[in-house]
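Enquirer: Take this structure, written in structure tokens, and hold onto it; I'll ask about it next.
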Amino acid sequence: MIHSLFLINCSGDIFLEKHWKSVVSQSVCDYFFEAQEKAADVENVPPVISTPHHYLISIYREKIFFVSVIQTEVPPLFVIEFLHRVADTFQDYFGECSETAIKDNVVIVYELLEEMLDNGFPLATESNILKELIKPPTILRSVVNSITGSSNMGETLPTGQLSNIPWRKAVVKYTNNEAYFDVIEEIDAIIDKSGSTVFAEIQGVIDSCIKLSGMPDLSLSFMNPRLLDDVSFHPCIRFKRWESERVLSFIPPDGNFRLISYRVSSQNLVAIPVYVKHIISFKENSSSGRFDVTIGPKQNMGKTVEGVIVTVHMPKAVLNMNLTSTQGSYTFDPVLKVLTWDIGKISPQKLPNLKGIVNLQSGAPKPEENPSLNIQFKIQQLAISGLKVNRLDMFGEKYKPFKGVKYITKAGKFQVRT
Amino acid sequence: MSASPAYSEEKGGSSSLGEPEYGHDPASGGIFSSDYKRHDDLKEMLDSNKDSLKLEAMKRIVAMIARGKNASDLFPAVVKNVACKNIEVKKLVYVYLVRYAEEQQDLALLSISTFQRGLKDPNQLIRASALRVLSSIRVPIIVPIMMLAIKEAASDMSPYVRKTAAHAIPKLYSLDSDQKDQLIEVIEKLLADKTTLVAGSVVMAFEEVCPERIDLIHKNYRKLCNLLIDVEEWGQVVIINMLTRYARTQFLSPNQNESLLEENPEKAFYGSDEEDSKDDKPDAASLVKRKPYVMDPDHRLLLRNTKPLLQSRNAAVVMAVAQLYFHLAPKAEVGVIAKALVRLLRSHSEVQWVVLQNVATMSIKRRGMFEPYLKSFYIRSTDPTQIKILKLEVLTNLANETNISTILREFQTYIRSMDKDFVAATIQAIGRCATNIGKVRDTCLNGLVQLLSNRDELVVAESVVVIKKLLQMQPSQHSEIIKHMAKLTDNIQVPMARASILWLIGEYCEHVPKIAPDVLRKMSKSFTGEEDIVKLQVINLAAKLYLTNSKQSKLLTQYVLNLAKYDQNYDIRDRARFIRQLIVPTEKSGALNKYAKKLFLAQKPAPILESSFKDRDHFQLGSLSHLLNAKAVGYQELPDWPDEAPDPSVRNVEEETIFLIESHIGLLGELREVPEWTKCTSREKRKEKVEKPFYSDSEGESGPTESADSDPESVSESESESSSSSSESGSDSGSRGEESGDQSEEEEEEKKKKKKGKEGPRKEQEQVKKGKKKPPQDEGKGGSESSWEEGSVSESSSSESDSGSEAEESQSEPESKRRTTPPSSKPAPKASRKGTKEISLLDLDDFTPVPPQPASSPAVVSTSLVTDLEGLTLTNASLAPTMLSPVFSTMKTYELLHRMAGEGLSVEYYFNRQPFPPDPHMVAVQIQFSNNTESEVKNLRVSEPKLVSGMRIQEFQEIESLAPGDTASVIMGIDFCDSTQAANFQLCTHSRQFYVSIQPPVGELMAPVFMSENEFKKEQSKLTGMSEITEKLTLLDKCQSDHTIVQRVTAAANVSRVPCGADNEYRFAAKTVTSGSLILITLEQKEAARAHLTVNSEKMVIGTMLVQDISQALAQ
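So the protein lines, in turn, are chains D and U.
The opening position of the first sequence corresponds to residue 1 in the working numbering, with each subsequent residue numbered one higher.
The opening position of the second sequence corresponds to residue 419 in the working numbering, with each subsequent residue numbered one higher.
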């Protein structure tokens, strides 16, 4: 399966390599660099590259390429998913998955990689098993270790490995028992020129932070579970119970994890919380154009739309923009041609507006397409699909946990075509 | 954190030294030469006796390795520390060793003894990691040691060590492929392992070592299917892929038969129902006696057990299931995967990329599947180009007459994109839509022509190329377009586009007679400066014009040919020479010249624009080979379906392996759908048997008594089994062809046989055999007390009766659903079965008096309530208050715990048919304890219920004490969720605990409900079609009277009678206890003792079982 792994930063340095079978020379990465050059854009490097003797499967995360070397047939998604899991684990251990973090913790990284794969086949990927084997670095622990000489490695087999519920440690103890759920919904939408919705759907996740002692058995029920069209589950959830009763019943992992992700079918009309009025035009034979964008709230269920940011990738011919905004601030990056307008809260009384002149390269033909606007926003205390958690019950433990549910709606891939 | 100094030091310190390292040959013994000084400090640290220094040194060394620096000269110093006490140092030494052992084989041998010691360590983690490192050291000389270690570890008590052994197998194989045969033995052994931990790893080993030995899978097939959902996600992927291949060799194609297609939609509709394959049988099979294709139940099992995994969070698992469905499922069922695949499109862009490639391939074959998700493939300007192009591909594949206008509107947006590669791809996509869908061809063409005036040259060029292809389909109508394009030659510079225009003009020069020579004139001027492809087309144009219009173009042609004659490119020179010979008549040119016109101006077939993903599906989807569209190393071809299904019986196994799964229905088990053939009445028995070995397994220590016991037993079992099954198979084979459902039935029966066989020996010692028990009296639920005497040993009675009698068999859930012919129609198997039965089985009719020898009974007693389950309440609408208390009954009692098994405590239960007040969704079960011991039994209570998902138990009050000879009776409530799955729990006393289980007959899952005749008719009319099950039966003489009929029906099921006008009709109504679904029963008497029994209920499973039960009750 996975033969070797190379971590490569954006400037093309191979800063970490790990081999699970015989050593593969770094030179294999030349094929990757070649492909990278051809692709021009990091996003367009093909994830699978075939070379004469190997196959390279790579992912791009946090400005790092994770390039794995494969010698024989293997499902590509298997490798990709695993590499992402590796990146997630780094994130989990070091707080960020950056080149510096990896370099600073190179020994732990190595130990982790050693545990995660055996002979190229995944061995332990549950973060909670790994954490028992290799303790995450903390300043306190490194101080203690250097004094006492104790180590970061677990000496016994993590309890999760052998149990039916590998995601949970056997002995968990908290003084404050709490269970929090964040229902986060993202609206993916494409709005066309005239303001009508071409495509919209809601993608939701429920992220949980569960700190409960012992072996709690939770069941979470919704007021309107039928809303959820397509759901994917954390392995802890009992599928049959969901099938029959639409109740999420599970013994949770300890700590933070994603309980479910779901999609609300596009058949249900998706409420679009903002509208955009825009005039973007470039004059023929003159090196300027007009830019006028107004954004306003719509169908927001009485909540405030906040954290609004509009990003526009302007055509290449745009040199500069002279704009004035009634609210928030804007920046224009003349290299990447990206306009960012950070608005903040939208108040319905005075709609934020950004307008002014676009300066074009003189002599260049008028750009024929108008850029599309990418919009980000956030609405607190609202799940736009109307999903509501009904109740959370706990069985198997006697104490009373503290429970909380938070709803947030965000813009996902929210795009307005102009 | 602590590593950070090490790393930076390394960066600063040794990188300057690092350069010469590469030139140094580590194997030459240079360690002791001048390089010695280089890592002096590290060596010193490693030699010190302080662990912290060693650790520091090792960290620095590992940091070097991570950077790809050579640290091999430290080998001797490092290897010394392999036995270090500090576990972190040790781990890092292992890392080092695995990295360099291959280069320094001799020195590596020094460490071997440490690992051999580690293999014997009591700590399983140490055993496992010793094996891991030992097998990772690629030193051929230790192959025998590795082999030995693997063999030993394969029978280790700890499943974790066994898993490691499975991982070691491919390592050893890659080191020395001569070991294959021995390794296959180990694989075979590990394949039989029952823990989920091992399953994925061993299948991985199987795939790497001996993927061709498909025969090893047979015996483990069902086990793997059933374990699948609990295997870790990576193992799931490997297993699913392997099973896809397996299924392709073992089952028949579900799509071979066109007639099946009509039936399939309905199947898919009920696909989520675990009973789906059975549901449609009663009616379908009665209509079509001989169905040409019936899905092998094992095939169905695979499809059913993988389906929930579509909900996995792991994209690889979802993809694996999707490809399995794509390759194995009947057409109508494949659709379920679309939703899950579309979900993956929200994931990381790499995942999207792979998924889209697969969707592209699938969408060609099964367009309908993705049509509802069309909009999910719409493109955003922020998508990376490679994703955009794949989405475009999918959109194009999905285009059809109905959605083409929407798609074209989208395409129009895309054409204005800034991403020019994407625009070009869009134009090609438009071209493909136009060729595929005649209706929009003109629209597309017009659109493309408009694009010709686009400012971007790339766009124009691409349009030209596409237009050229489109025009080829109907050139005559489009001379305007051709003229327009001719003008473009002045401006457009892209060679491909110029070439296309020239070709078009040449090909259709008759439509543009005026322009063509002019174009040639212009082109001949610029000839020398053109690209090669353009030059070739200029020559072509010249030749064609010469043939059609030689007056105007003769000179030009000569000129062009002369230029070409001296071109640098030999292709062009060659072409010029060839064409000159062909078109210019000379003495030598001879015959061909006459045909020149035919050669050049022949009708050329229009090009077919098709997807590059066409026919990619001969590669297994989701595989690397599919992605690359080329066979990758180690790719296993997906075999074609066989024409004849191989013998399905090869997958039959001793039931132990299969039922094991059930036993661990603790937590995850609920995810799993229990295979239909495992759900028969005697499940409790199996469960109990299996539970022990399984748990002892996972704890790493085998329960001494239990597993020791079960072993010899299983030997004898299999013996008796084989004898019985062989005798059976003779008669069975006759009936196999006749009846579709038969085959699965046989399996079931065989299974039961085995079980029976298993129990046989034990019972034999325990009990005196009774004459053959006859079905009619015993099975009858007619309310006669005697019939349930037999039940006093519930386990044995049920297993016994399964095999013992047809009638009983049909009572058990799976049987009844499967059965397609009335029981009586199968005399042959029955007879043979009876024969064998007599040998191994007891007939329990009057078993009561003989005291069995207490076998060391694993099962046992108790009675207490777990209170925390009380909180679970359903929000469902409660049952209507019209529920009546039971009409009547002579209660049948069932054995819960026999007094021998219970060491003097015997427990019986019956369904008292009273509503259970604390929770209306529960069935009340009256439990009667009698203490036959000499001493007091204290603290009787229930504990550790192991319930199938959704099931709940309301425990009874703990019984403080039960005096010798005393009896006590309590009521507990069980919510069976309207299924006949058993409720398993432990009965605990102060000293012992007994595993017991209660399984309700289907008739007890309902409560009577009162309704009027009109209401009944109204409800009945709502429950027709699939919800209606009808059976014909013959009423016996003694059953003719009203009273008997009503009595029998009400005894078989907890129903109430509904008044009825006609006197040859009887109606009964009830509601299921949990969900409150109506169950309506109609019994219509016809002439000559015949009758029609109809059950209407949306719970089809219950309906079918009820029909069986009632007709049985009436047949007695």
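Glycine is no exception: its CB is placed at the ideal position from the N, C-alpha and C atoms.
Compute the distance between the beta-carbons of residue 859 of chain U and residue 888 of chain U, then report whether it is under 8 Å.
Expert: Position 441 of the second sequence, counted from the first residue, corresponds to residue 859 of chain U. Position 470 of the second sequence, counted from the first residue, corresponds to residue 888 of chain U. Yes, they are a contact pair.
Enquirer: Find out if the Cβ-Cβ distance for the pair residue 721 of chain U, residue 759 of chain U is shorter than 8 Å.
Expert: The residue labelled residue 721 of chain U in the question sits at position 303 within the second sequence. The residue labelled residue 759 of chain U in the question sits at position 341 within the second sequence. For residue 721 of chain U and residue 759 of chain U, no; Cβs fall outside 8 Å.
Enquirer: At a Cβ cut of 8 Å, what residues of the segment 66-77 of chain D count as close to chain U, listed as they run along the chain?
Expert: So the close ones are 70, 71, 72, 73, 74, 75, 76, 77.
Enquirer: Mind checking who residue 1326 of chain U pairs with in its DSSP beta bridge?
Expert: Here residue 1326 of chain U refers to the residue found at position 908 of the second sequence. The partner list for residue 1326 of chain U (beta bridge, DSSP) reads U/1313, U/1346.
Enquirer: Nearest to residue 715 of chain U by alpha carbon, out of U/573, U/669, U/513?
Expert: The residue given as residue 715 of chain U occupies position 297 in the second sequence. Comparing Cα positions, the closest option is U/669.
Enquirer: Less than 8 Å between CB atoms is the rule here; does residue 1518 of chain U satisfy it with respect to chain D?
Expert: For the purposes of this step, residue 1518 of chain U is taken as residue 1100 along the second sequence, with counting starting at 1. Chain D, which has no Cβ nearer than 8 Å to the Cβ of residue 1518 of chain U, makes this no.
Enquirer: What does DSSP give as the partner residues of residue 307 of chain D in its beta bridges?
Expert: The count along the first sequence starts at 1 and reaches residue 307 of chain D at position 307. DSSP lists no partner for residue 307 of chain D.
Enquirer: With which residues is residue 199 of chain D paired in a DSSP beta bridge?
Expert: Working through the first sequence from its first residue, we reach residue 199 of chain D at position 199. Bridge partners of residue 199 of chain D: D/190.
Enquirer: Do residue 108 of chain D and residue 16 of chain D count as a contact pair if the criterion is CB distance below 8 Å?
Expert: On the first sequence, position 16 is the one that residue 16 of chain D refers to. On the first sequence, position 108 is the one that residue 108 of chain D refers to. No; because the gap between Cβ atoms is not below 8 Å, this pair is not in contact.
Enquirer: Would you call the segment 1397-1413 of chain U and the segment 1352-1369 of chain U in contact, with 3 or more CB pairs under 8 Å?
Expert: Counting Cβ pairs under 8 Å, three or more are found: they touch.
Enquirer: Would you please verify whether the beta carbon of residue 278 of chain D is less than 8 Å from any beta carbon of chain U?
Expert: In the first sequence, counting from the first residue as 1, residue 278 of chain D sits at position 278. Answer no: the Cβ-Cβ gap between residue 278 of chain D and chain U never drops below 8 Å.
Enquirer: Candidates U/544, U/500, U/1522: which alpha carbon is nearest residue 528 of chain U's?
Expert: In the second sequence, the residue the question calls residue 528 of chain U occupies position 110. Among U/544, U/500, U/1522, the Cα nearest to that of residue 528 of chain U is on U/500.
Enquirer: What is the DSSP secondary structure of residue 865 of chain U, counted as helix, strand or coil?
Expert: In the second sequence, counting from the first residue as 1, residue 865 of chain U sits at position 447. Here residue 865 of chain U sits in helix by DSSP.
Enquirer: Counting only beta-carbon separations shorter than 8 Å, does residue 1351 of chain U have a partner in chain D?
Expert: Taking the first residue of the second sequence as 1, we reach residue 1351 of chain U at position 933. For residue 1351 of chain U, the answer is no, since every Cβ of chain D falls outside 8 Å of its Cβ.
Enquirer: Can you pull the chain D neighbours of residue 513 of chain U, defined as C-beta to C-beta under 8 Å?
Expert: Mapped onto the second sequence, residue 513 of chain U falls at position 95. Those are 110, 111, 114, listed as they occur along chain D.
Enquirer: Would you kindly work out how many angstroms separate the C-alpha atoms of residue 200 of chain D and residue 77 of chain D, rounded to a whole number?
Expert: Sequence index remark: in the first sequence, residue 200 of chain D carries index 200 (1-based). Sequence index remark: in the first sequence, residue 77 of chain D carries index 77 (1-based). The alpha-carbon atoms of residue 200 of chain D and residue 77 of chain D are separated by roughly 27 Å.
Enquirer: Beta-carbon of residue 431 of chain D versus every beta-carbon of chain U: anything under 8 Å?
Expert: A query on residue 431 of chain D cannot be resolved here, the shown segment of chain D reaching from 1 to 418 and no further.
Enquirer: Mapping DSSP to helix, strand and coil, what is residue 607 of chain U?
Expert: To locate residue 607 of chain U, count along the second sequence from 1; it is residue 189. Three-state DSSP puts residue 607 of chain U in a helix.
Enquirer: Could you work out which residues of chain D lie near residue 1053 of chain U, taking near to mean beta carbons separated by less than 9 Å?
Expert: As a position in the second sequence, residue 1053 of chain U is number 635, starting the count at 1. Result: 72, 73.
Enquirer: Along chain U, which residues have their Cβ under 8 Å away from the Cβ of residue 413 of chain D?
Expert: Here residue 413 of chain D refers to the residue found at position 413 when the first sequence is read from its first residue. Those within 8 Å of residue 413 of chain D in chain U are 798, 800.
Enquirer: What does DSSP give as the partner residue(s) for residue 1406 of chain U in the beta ladder?
Expert: Working through the second sequence from its first residue, we reach residue 1406 of chain U at position 988. DSSP output for residue 1406 of chain U lists U/1411 as bridge partner(s).
Enquirer: Around the C-beta of residue 19 of chain D, are 16 or more other C-beta atoms found within 10 angstroms, so that it is buried, or is it exposed?
Expert: As a first step, residue 19 of chain D must be located in the first sequence, where it is residue number 19. When all chains shown are included, residue 19 of chain D counts as buried.
Enquirer: With distances taken between CB atoms, is the gap from residue 1490 of chain U to residue 1424 of chain U smaller than 8 Å?
Expert: Stepping through the second sequence from its first residue, residue 1490 of chain U is reached at position 1072. Stepping through the second sequence from its first residue, residue 1424 of chain U is reached at position 1006. Taking 8 Å as the Cβ cut-off, residue 1490 of chain U and residue 1424 of chain U qualify as a contacting pair.
Enquirer: From residue 419 of chain D to residue 480 of chain U, what distance separates their C-alpha atoms?
Expert: In the structure displayed, chain D extends from 1 to 418; residue 419 of chain D sits before or after that span and is not available.
Enquirer: Of all Cβ atoms in chain D, is any one closer than 8 Å to the Cβ of residue 787 of chain U?
Expert: Translated into positions along the second sequence, residue 787 of chain U becomes position 369. No, its Cβ sits nowhere closer than 8 Å to a Cβ of chain D.
Enquirer: By the three-class DSSP mapping on this structure, what secondary structure does residue 789 of chain U have?
Expert: One-based indexing of the second sequence puts residue 789 of chain U at position 371. Helix at residue 789 of chain U.
Enquirer: Between the C-alpha atoms of residue 737 of chain U and residue 891 of chain U, what's the straight-line distance to the nearest angstrom?
Expert: Along the second sequence, one-based indexing puts residue 737 of chain U at 319. Along the second sequence, one-based indexing puts residue 891 of chain U at 473. Their backbone Cα atoms lie some 39 Å apart in a straight line.
Enquirer: Tell me whether the beta-carbon of residue 1416 of chain U lies closer than 8 Å to the beta-carbon of residue 1343 of chain U.
Expert: Here residue 1416 of chain U corresponds to residue number 998 of the second sequence, with the count starting at 1. Here residue 1343 of chain U corresponds to residue number 925 of the second sequence, with the count starting at 1. Yes.
Enquirer: Entirely within the segment 1408-1457 of chain U and at least 4 residues each: give me those alpha helix (DSSP H) ranges in chain order.
Expert: List check, alpha helix (DSSP H) in window: 1431-1440.
Enquirer: Looking at chain D, which residues of the segment 831-856 of chain U have a Cβ within less than 8 Å of any of its Cβ atoms?
Expert: Cβ contacts with chain D: 831, 834, 835, 836.
Enquirer: What does a CB cutoff of less than 7 Å around residue 554 of chain U pick up in its chain, not counting 5 residues either side in sequence?
Expert: Locating residue 554 of chain U in the second sequence gives position 136, counting from the first residue. Result list for residue 554 of chain U: 516, 589, in chain order.
Enquirer: In its own chain, which residues sit with a C-beta less than 8 Å from the C-beta of residue 338 of chain D, not counting the 5 before and 5 after it?
Expert: The sequence position of residue 338 of chain D within the first sequence is 338, counting from 1. For residue 338 of chain D, where only same-chain residues beyond five positions count, the Cβ hits under 8 Å are 311, 312, 313, 314, 332.
Enquirer: Going by other Cβ atoms of all chains shown within 10 Å of its Cβ, with 16 needed for buried, is residue 917 of chain U buried or exposed?
Expert: Residue mapping note: residue 917 of chain U aligns to position 499 of the second sequence, counting from 1. The residue is buried, with at least 16 neighbouring Cβ atoms inside 10 Å.
Enquirer: What did DSSP end up calling residue 5 of chain D once you bin it into helix, strand or coil?
Expert: Position 5 of the first sequence, counted from the first residue, corresponds to residue 5 of chain D. The answer is strand: DSSP assigns residue 5 of chain D an E or B state.
Enquirer: Please list, in chain order, the chain U residues whose beta carbon lies closer than 9 Å to that of residue 203 of chain D.
Expert: Locating residue 203 of chain D in the first sequence gives position 203, where the first residue counts as 1. Within chain U, the residues near residue 203 of chain D are 761, 764.
Enquirer: Let me check one thing: in DSSP terms, what residues is residue 297 of chain D bridge-paired to?
Expert: Translated into positions along the first sequence, residue 297 of chain D becomes position 297. In the DSSP output, where bridge partners are listed per residue, residue 297 of chain D has D/274.
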